[in-house]
Structure formats: structure tokens, C-alpha cells
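Per numbering that gives the first Met the number 0, residue 0 is the first one in the sequence shown, and the count goes up by one each step. Cβ atoms here follow ideal geometry from the backbone N, Cα and C, with glycine treated the same way. Presented below is the structure to which this report refers.
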Amino acid sequence: MDFTQYLTELSSKAPVPGGGGACALGGALGAGLGMMVANLTAGKKKYAQWEPEIQEYLARMEILRDRFLELAEEDEKAFAPLAEAYRLPAGTEEETAYKEKVMEERLLAASLVPLKLLETGVEMLGILKELEKKGSVMAVSDVGAAAQLIRAAVAGGAMTLLINTRSMKDRSRAEELNRKAEQMVREGTESADEIYRLVTARLR
């Protein structure tokens with residue numbers, strides 16, 4: 000769907016798209032901004048010493064941008080069967096056992112998508128930290144804006160994961176996923192905040 004249609008669907012009562020997909024789309028926007036900065040830097044004599052790195056960043060960011068978009072779709076695909084599982088009957092012991100088994104499988108699947116989102120976001124922020132130093136000074140504010148979009152994607156992705164893991168019966172696995180998410184949120188938030196400080200200092 001086009002972007003206007005997507006916003007209409009997002010604004011409605013429809014279960015998808017939801018927060019996880021919206022965060023992934025925000026990540027794609029951040030990656031696109033990062034690519035813009037790299038493209039504005041590439042081929043410029045002033046930044047010739049960084050040309051090999053800039054080309055490498057461009058190639059990596061294109062992969063990450065597309066990955067964010069894939070994760071937006073994966074989030075929708077993972078949520079639909081989970082929503083169906085919540086509606087399974089649980090009137091008998093057999094039905095209850097079956098529902099719990101299906102719920103556990105689908106909660107795990109729905110948790111793994113935001114975990115991938117966090118991994119992608121942290122990798123993207125690593126590139127943006129380099130672009131803050133090596134990218135065109137005329138586009139440094141765009142590096143900062145990209146970092147904040149990715150920051151939101153990472154934090155929002157973590158909350159999407161947590162709302163799923165809280166319902167998992169296997170608490171050991173749930174806590175393992177939570178720890179991984181919390182670690183990446185810390186790393187991503189620190190990177191984004193550092194980029195914000197560096198960019199605003201340069202702009203002032």
C-alpha cells in the first residue's frame with residue numbers, strides 16, 4: 000500500500016499495522032536519511048579521504064533500509080496468527096493445553112521480530128556515528144534526525160517484544176529475550192544520545 004493508505008490503516012481499529020511495524024517503518028526512514036547524507040558526501044573532494052568508507056556505508060545502509068521494511072511486514076505476519084491464538088477455545092483441559100501450546104509458539108515468533116528490529120537498529124546507529132564524523136557537514140543535522148528515528152524504532156521495538164514475553168509461560172526463555180532486548184536498548188540509546196550531543200554541539 001502507499002504511505003497515505005498505510006497511515007489510514009494504522010489509524011484505524013485494525014489490529015495491523017501496529018506499533019512494531021510502525022517502528023520498523025521509522026527505522027527505514029532513518030536508514031533512508033542516512034543514505035541521503037552518504038550520497039551528499041560521496042564524490043566530494045572535501046571528503047575524498049573517506050570515500051571508500053562512505054561507499055561501504057551506502058551499501059550497508061541499503062541492506063538495512065530494506066531489512067527494516069521486511070521487518071514491518073514480518074511484524075504483521077507474526078501478529079495475525081497470535082491474535083487467532085487468543086481466540087482459541089479453552090473450555091476443556093485438552094482445549095486449554097492446546098491453546099497454551101499454540102500461544103507459546105506464537106508469542107515466541109512475535110517476540111523474535113522486534114528482536115531483529117533492535118539488532119538492525121543498533122547496527123544502523125553504528126554507521127550513523129561514523130557519518131557524524133565523516134559525512135557532509137551540510138547534512139549533519141540529517142544524521143542527528145536519522146539517529147532519533149532509529150532510537151525510537153529501537154525503544155519501541157523493545158516494548159513490542161516485552162508485551163509478548165510477559166505472556167510467555169517459559170519464563171526462562173522470556174527473560175533471556177528480555178535481557179537481549181534491554182542490552183540493545185541501552186547500546187542503541189547511548190549511541191543515539193551521543194550523536195545528538197555531537198550534532199547539536201556542531202550546529203551551535
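Endpoints, the alpha helix (DSSP H) within which residue i is located
| i | result |
| --- | --- |
| GLY42 | It is not in any alpha helix (DSSP H) - GLY42 carries neither H nor E in the DSSP assignment. |
| SER166 | Premise fails: SER166 is in no alpha helix (DSSP H) and is neither H nor E. |
| LEU124 | 92–133 |
| SER11 | Counting along the chain, SER11 falls outside any alpha helix (DSSP H), and DSSP gives it neither H nor E. |
| PRO51 | 50–85 |
Residue closest to residue i, alpha-carbon to alpha-carbon, out of the options
| i | options | result |
| --- | --- | --- |
| GLU69 | MET0, ALA27, ALA191, GLU175 | ALA27 |
| MET167 | GLY19, LEU106, THR199 | LEU106 |
| MET183 | THR91, TYR195, SER11, ALA154 | ALA154 |
| PRO80 | GLU8, PRO14, LEU160 | PRO14 |
| GLU50 | ALA77, LYS12, GLU118, GLY134 | GLY134 |
| ASP1 | THR119, ALA108, GLY18, LEU24 | LEU24 |
| GLU129 | LEU161, ASN163, VAL142, GLU104 | VAL142 |
| MET158 | ALA21, GLU8, THR3, GLN4 | ALA21 |
| TYR56 | LYS115, MET123, GLU75, GLU104 | MET123 |
Buried or exposed by the 16-neighbour rule on C-beta atoms within 10 Å, applied to residue i
| i | result |
| --- | --- |
| SER110 | buried |
| PRO16 | buried |
| LEU6 | exposed |
| PRO113 | buried |
| SER243 | This structure leaves residue 243 out entirely; the chain is present only between 0 and 203. |
| GLY187 | buried |
The stretch 32–41 contacting the stretch 49–69, beta-carbon criterion three pairs below 8 angstroms: yes
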